[in-house]
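Everything in the sequence shown is counted per full-length UniProt numbering, starting at 1 for the first residue and increasing by one.
Backbone N, C-alpha and C define an ideal beta-carbon position, used for all residues, glycine too.
These numbers were taken from a predicted model, which means no experiment stands behind them.
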Amino acid sequence: MTSTSEGGSWMGSVPWWTPVAVIAAPIALAGGAVLVQSACMAYEAWRLRHIPGPRPAPLFGNIPEIVRAGGSQNAMLGWKAKYGPVFKIFFGARPFVVVADPDAARTVMNKLPNHAPFLSPSVLLMPRQYAQLDDEGLVQLRDGAWRAVRTAWQPAFAPGSLARYSGLMAECADALVQLLSRAANDPSLTVDIHDELNRMTLAVVGTCAYGVDFGSLESGQQAEGAAHAGGGLMLGGGGGAPLSAEEAAWLGPGLVAATKMFFAGATLPRSSVWGLPALLLPAFTGAVRALAAAFPDALYTAQLQARHTIVMASRVLIARWRTAHAAAASGATDAAAPAAPQASAGSTPAGAGDGQGGGGGGVEQADAKSSGSAGGGMAGVEA
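Have a look at this one:
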């Protein structure tokens, strides 16, 4: 370093413009990103110019109007009244075409293979291994892959299949009613209805789809320490091995907490500080995701752990389902074997045509493409 008495400066050999460049470079990069995204937004507005809708603000789109309206539902109702049943909006810089007519929405959901992706700050920020699971889940798939997975899952949502589980669903609803009744009779208790509905959703998914009791309808601290053994019906009617106490204790309270955190991250006020840039700069989602991973805040870390819990729980439950289904199929084959010589031509073994095999095959075919995003869907039945 050259001293000032020698005619130098305290910066020595560092050029005078270096600090300026260090400060100006990030500003220039941010400004360039905003300009690029604004140009993309202008192009999208021009491309969809034939569809009516509210005028978007630069970069923020129609988010300010949604905030002023008190939420998206109020804003959508106002836009429907003004622009009709089909209109476009910009959520940040991302354009969406909203279909607010039931008949038209049914046509869109049944006929069009590509739908708007699930837009959530927490989903946008997930690392690639989780983002890929989202991309290959039923909600995000496109074109032929979406048709294949939808076809595989369709039998599980047919009226006949749902009717078989109506009793289990009613039991879960009754358990929630009893819990709320007890809370109503105790003025000292405070109930988070959103949290309790989340717990009931998990209970329905666990009992109907996997045949296990997560114990998610246990309230408050009881759920944190409870260990519930599973059992009951498996998808397709086969019996499943119960979960161990350790597995049930982890799957129950762990899933309740993880899914609550996951869906909380879907709103900007409870998302990472990186959530807003991810929404406003879709052309730079990869860069924002990398920055979030390099400089995580507490909410990002919590949401990442929640997603990991959901994915691992989904894989455990799918593995349990496969094991129980294989055992049930093996037992049915062994039981039917002595009667095989008397079977008439063209007949099918017992259980082969009752939807059990088809339903099971549908789940096994689809699970690889849904363990991640459908795992998130386990809590909110998002999938």
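Three-state secondary structure (DSSP) of residue i
{"i": "Pro95", "result": "strand"}
{"i": "Ala57", "result": "strand"}
{"i": "Val139", "result": "coil"}
{"i": "Ala345", "result": "Low local confidence applies: a pLDDT of 35 at Ala345 is under 50, so the model's placement there is unreliable, and no value is given."}
{"i": "Ala69", "result": "coil"}
{"i": "Leu48", "result": "coil"}
{"i": "Gly160", "result": "helix"}
{"i": "Thr207", "result": "helix"}
{"i": "Leu281", "result": "coil"}
{"i": "Gly254", "result": "helix"}
{"i": "Asp195", "result": "helix"}
{"i": "Asp174", "result": "helix"}
{"i": "Met312", "result": "helix"}
{"i": "Leu317", "result": "helix"}
{"i": "Met169", "result": "helix"}
{"i": "residue 385", "result": "Not covered by the structure: residue 385. The range shown for the chain is 1 to 383."}
{"i": "Met41", "result": "helix"}
{"i": "Phe295", "result": "coil"}
{"i": "Asn185", "result": "coil"}
{"i": "Trp79", "result": "helix"}
{"i": "residue 400", "result": "Outside the modelled stretch of the chain, which goes from 1 to 383, sits residue 400, for which no answer is possible."}
{"i": "Thr301", "result": "helix"}
Nearest candidate by alpha-carbon position, reference residue i, set the options
{"i": "Ala105", "options": "Ser122, Phe91, Val86, Ser120", "result": "Val86"}
{"i": "Ala132", "options": "Val311, Arg322, Arg270, Lys260", "result": "Note that residue 132 is Gln in the sequence shown, not Ala. Closest option to Gln132, Cα to Cα, is Val311."}
{"i": "Val204", "options": "Ser166, Arg49, Ala183", "result": "Ser166"}
{"i": "Thr151", "options": "Leu138, Arg68, Gln303", "result": "Leu138"}
{"i": "Ala77", "options": "Pro121, Ser122, Val98", "result": "Residue identity check: residue 77 is Leu in the sequence provided, not Ala. The shortest Cα separation from Leu77 among Pro121, Ser122, Val98 belongs to Val98."}
{"i": "Pro121", "options": "Pro269, His325, Ala326", "result": "Pro269"}
{"i": "Thr201", "options": "Glu136, Asp192, Cys172, Pro187", "result": "Cys172"}
{"i": "His308", "options": "Met261, Pro187, Asp297", "result": "Met261"}
{"i": "Ala290", "options": "Pro56, Ser72, Phe60, Pro127", "result": "Pro127"}
{"i": "Ala266", "options": "Gln129, Phe295, Val123, Arg49", "result": "Val123"}
{"i": "Asp195", "options": "Phe96, Ala257, Ala326, Gln154", "result": "Ala257"}
7 Å CB neighbourhood of residue i in its chain, flanking five on each side removed
{"i": "Ser219", "result": "Any reading at Ser219 is ruled out, since the residue's pLDDT is 45, under 50, leaving its predicted position unreliable."}
{"i": "Val36", "result": "Ala283"}
{"i": "Ala33", "result": "Leu281, Phe284"}
{"i": "Glu65", "result": "Pro54, Ala75"}
{"i": "Cys40", "result": "Ala93, Ala283"}
{"i": "Tyr83", "result": "Pro52, Gly53"}
{"i": "Ser38", "result": "Pro58, Leu59"}
Cβ-based neighbour list, residue i, same chain, cut-off 6 Å, excluding 5 preceding and 5 following
{"i": "Gly357", "result": "In this prediction, Gly357 has a pLDDT of 34, which is less than 50 and means its spatial position is unreliable; nothing more can be read from the coordinates."}
{"i": "Leu317", "result": "Tyr210"}
{"i": "Pro56", "result": "Asn62, Phe90"}
{"i": "Ala343", "result": "Model confidence at Ala343 stands at a pLDDT of 34, short of 50, so the residue's coordinates are unreliable; what they give is reported in the following sentence. Once the five neighbours on either side are set aside, Ala343 has no close Cβ partner at all."}
{"i": "Lys80", "result": "Ala100"}
{"i": "Ala183", "result": "Leu189, Val191"}
Nonlocal neighbours in the same chain, by C-beta distance under 8 Å from residue i, ignoring five residues either side
{"i": "Ala292", "result": "Leu125, Ser272, Trp274, Ala278, Tyr300"}
{"i": "Thr348", "result": "Here the model assigns Thr348 a pLDDT of 31, short of 50, so the residue's position is not dependable and the matter cannot be decided."}
{"i": "Ala298", "result": "none"}
Which residues DSSP lists as bridging residue i, in chain order
{"i": "Val36", "result": "For Val36, which the question treats as bridged, DSSP gives no partner whatsoever."}
{"i": "Val86", "result": "Val99"}
Proximity test, residue i beta-carbon vs the ligand MG heavy atom, cut-off 7 Å
{"i": "Val86", "result": "The ligand MG is not among the ligands present in this structure, which contains no ligands whatsoever."}
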